[in-house]
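In UniProt numbering, the protein residues as written are 1 to 182.
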């Protein structure tokens with residue numbers, strides 16, 4: 001295989017994507033990796049460093065070869081996101097290589113807060129889908145995408161502004177108290 005043809009081929013687990021090859025709906029030689037099973041939100045207790053509250057990390061959705069439609073997957077993923085946000089005081093959607101994300105995560109660490117962090121770049125094909133859904137829900141495509149008490153805060157600049165104004169700690173404390181009562 002020459003270099004020119006290798007440049008357009010990307011290999012994922014159990015799936016090879018070649019832009020020059022067109023798939024027909026009758027093609028069964030390629031596994032369906034973009035249909036998913038029912039989203040699971042299995043409680044996995046994680047203690048918050050600021051207090052003794054318990055966070056619930058959802059279990060990732062795994063690929064199956066079921067025949068569920070992508071629109072129902074989107075609505076189930078949206079439901080999973082909303083449940084995650086309601087069950088956790090601080091949630092950060094991030095990318096491991098992003099300096100702005102690192103800055104926000106460092107700020108929370110400095111405050112003694114352990115947010116639930118989703119590294120979108122480490123989630124395989126689900127990461128970009130999740131990022132697109134977050135954009136639809138919040139109007140923000142960039143990371144970090146920060147939520148406190150189920151409310152969308154924004155990105156790094158927005159989070160730092162709240163911190164400088166002395167409002168971030170209050171929001172976090174209220175969110176932790178709210179989750180403790182749940």
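The beta-carbon is built from N, C-alpha and C at its ideal position, and this holds for glycine as well. Here the structure is a predicted model, which is why all the values come from computation and not from measurement.
Kindly indicate the opening and closing residues of the beta strand (DSSP E) around residue i.
i: residue 113; result: Per DSSP, residue 113 belongs to no beta strand (DSSP E) and is neither H nor E.
i: residue 132; result: Taken as a continuous stretch (DSSP letters only), residue 132 belongs to no beta strand (DSSP E), being part of the alpha helix (DSSP H) at 126 to 138.
i: residue 93; result: 90 to 94
i: residue 154; result: 151 to 154
i: residue 146; result: 145 to 148
To the nearest angstrom, how far is it from the Cα of residue i to the Cα of residue j?
i: residue 106; j: residue 77; result: 28 angstroms
i: residue 157; j: residue 181; result: 30 angstroms
i: residue 176; j: residue 124; result: 30 angstroms
i: residue 130; j: residue 166; result: 31 angstroms
i: residue 126; j: residue 110; result: 30 angstroms
i: residue 161; j: residue 174; result: 18 angstroms
i: residue 122; j: residue 85; result: 20 angstroms
Name the two residues that bound the continuous alpha helix (DSSP H) containing residue i.
i: residue 181; result: 168 to 181
i: residue 165; result: Per DSSP, residue 165 belongs to no alpha helix (DSSP H) and is neither H nor E.
Counting only the same chain and skipping the five closest in sequence on each side, list residues whose C-beta sits under 7 angstroms from that of residue i.
i: residue 119; result: 94, 95, 96
i: residue 163; result: 107
i: residue 149; result: 89, 171, 174, 175, 178
i: residue 135; result: 141
Since residue i and residue j are thought to touch, with beta carbons under 8 angstroms apart, how far apart are those beta carbons, to the nearest angstrom?
i: residue 100; j: residue 128; result: Not really, about 18 angstroms apart at Cβ, beyond 8 angstroms.
i: residue 146; j: residue 154; result: 6 angstroms
Leaving aside the five residues before and after residue i along the sequence, list all residues of the same chain whose C-beta is less than 6 angstroms from its C-beta, in chain order.
i: residue 98; result: 143
Leaving out the 5 sequence neighbours to the left and right, which residues in its chain are closer than 8 angstroms to residue i when beta-carbon positions are compared?
i: residue 133; result: 74, 77, 78, 81
i: residue 159; result: 104, 107, 144, 146, 153, 168
i: residue 92; result: 101, 104, 105, 108, 115, 116, 117, 118, 144, 145, 146, 147
Less than 8 angstroms between CB atoms is the rule here; does residue i satisfy it with respect to chain D?
i: residue 146; result: No chain D appears in the structure shown, which is made up of a single protein chain.
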